[in-house]
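A quick write-up on the structure given underneath.
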Amino acid sequence: MRILITGAGGMLGKELAVLLPSANEVLPLGHSECDITVESQVERMFREWRPDLVVNCAACADVDGCELDSERAFAVNATGAGHVARAAERLASRLFHISTDYVFDGQKRTPYTETDPPHPINAYGQSKWEGEKQVLERNGRSTAHLVIRTSWLFGIHRPSFVEKVMAEAQSQTELQAVTDQIASPTWTFHLAQKIAELAGKPATGILHVVNGGECSRYEMAQAIVEILGRPVTIKPIAWPQLNRPAKRPAYSVLDCRRLVQLGLSPLPHWKQALEEHLRFRHRVTMMAQKI
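Mind the numbering: the sequence shown is residues 4 to 294 in the numbering used here, read in order.
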């Protein structure tokens, strides 16, 4: 299978570029190789490569940055997604488009399903929802596009909330983390594995893929320092105390039952994923020190 990855310089894109080549021919494209906001670049790469499957990981994902520059957010997350979807449609290529739990407003207190209506409360979520719509509008007889929503990614290839807590825990004895944001932290390694499995399934439409369980940022920070064995106190605070530009949904846990209905196993619990990630990160660090 010929697989093209857009946004291959990001956290998930890099994970896929490492994991997918087995038994596949993979072309990972970062922003410098293919700017998805420029339709001619997208069309050229698709014509030259003629992929069977496209995984669009390209995104403007800085939530506060999107709020401050919504024009850029919509150019990448909405218009750019449309460019990728149209190019895939013309070549009858299948498209997996990566999206987010932030398309929801967080007013529910039970996990969101794929059929729940989106109602984003920040520019990032709004732009990602517009991108979803452009992708799904291109579903047809010759295409089988799939929007994959996920949340709170962490992984080895880019800094995330995990690395932020790790860095602060090295120099401080007390950290702050919010209690009023709840979702499902998701390890990019597990997500990439599931995306590889989905390549062999006839899934279309929308699919939620996150690690099991749910937690607040406060609970996640506590788990990080406990696993690391750091004598650090986590102080609970409320999101408004941080005075950030963009609102966040208070509860954006995603229901993954459709994944099981497709015959795929659910991802492990987020805490297990976090432990595996931190062990792997430690091994990588130790190996680098020996070189």
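A virtual CB, placed ideally from N, CA and C, is assigned to each residue, including glycine.
Just so we're clear, the structure is a prediction, and the values are computed from it rather than from any experiment.
Asked: LEU270 and LYS197 closer than 8 Å at C-beta; Found: yes
Asked: Entirely enclosed beta strand (DSSP E) segments - the stretch 6-70, minimum 3 residues; Found: 28-32, 56-59
Asked: Closest residue to LEU262 among GLU177, TYR254, ALA253, ASN214 (Cα-Cα distance); Found: ASN214
Asked: Contacts around PRO123, its chain only, beta-carbon distance under 8 Å, and the 5 residues preceding and following it disregarded; Found: TYR105, VAL106, PHE107, ASP108, GLN129, LYS131, TRP132
Asked: Own chain, CB closer than 7 Å to ARG284, minus 5 neighbours either side, in chain order; Found: ILE159
Asked: Spatial distance of VAL181 from GLY134 (CA atoms); Found: 29 Å
Asked: Alpha helix (DSSP H) segment containing HIS211, residue limits; Found: It is not in any alpha helix (DSSP H) - HIS211 instead sits in the beta strand (DSSP E) that spans 208-211.
Asked: For PRO239, three-class secondary structure by DSSP; Found: strand
Asked: Test: ARG89 CB closer than 8 Å to a CB of chain D; Found: Among the chains in the structure shown there is no chain D, since it carries only a single protein chain.
Asked: Beta-carbon spacing of VAL79, ASN125 below 8 Å; Found: no
Asked: Validate contact between the stretch 195-210 and the stretch 170-184 using beta carbons, cut 8 Å, 3 pairs; Found: no
Asked: Bounding residues of the beta strand (DSSP E) (the contiguous stretch that carries SER102); Found: 97-103
Asked: Segment contact, 8 Å Cβ cut-off, at least three pairs: the stretch 81-98 with the stretch 31-51; Found: yes
Asked: Minimum C-alpha distance to ILE8 - residue among TYR221, CYS60, ARG53; Found: CYS60
Asked: For LYS238 and GLU177, the rounded distance between their alpha carbons; Found: 7 Å
Asked: Closest by C-alpha distance to LEU245, when choosing among GLN179, GLU229, THR116, LEU194; Found: GLN179
Asked: 3 or more residues per run - each beta strand (DSSP E) lying fully within the stretch 139-190; Found: 149-153, 177-181
Asked: Enclosing alpha helix (DSSP H) for GLU92 [first to last residue]; Found: 84-93
Asked: Contact belief for PHE192 with GLU18 at Cβ below 8 Å, rounded distance in angstroms; Found: 6 Å
Asked: Cut-off 7 Å between Cβ atoms - residues of its own chain near LEU94, not counting five sequence neighbours on either side; Found: PHE49, ARG53
Asked: Cβ-based burial, VAL57 [other Cβ within 10 Å; buried from 16]; Found: buried
Asked: Bridge partners - HIS257, DSSP secondary structure assignment; Found: Residue 257 is actually Leu in this sequence, not His. Partner(s): TYR115.
Asked: Other residues of its chain near ALA147: CB distance less than 7 Å, five sequence neighbours each side excluded; Found: ARG97, PRO205, THR207
Asked: Sub-8 Å separation of SER187 and LEU257 beta-carbons; Found: yes
Asked: Burial state of MET289 (16 or more Cβ within 10 Å); Found: exposed
Asked: Within 8 Å, strictly: CB atoms of ALA11 and LEU32; Found: yes
Asked: Three-way DSSP call (helix, strand, coil) for SER268 in this model; Found: coil
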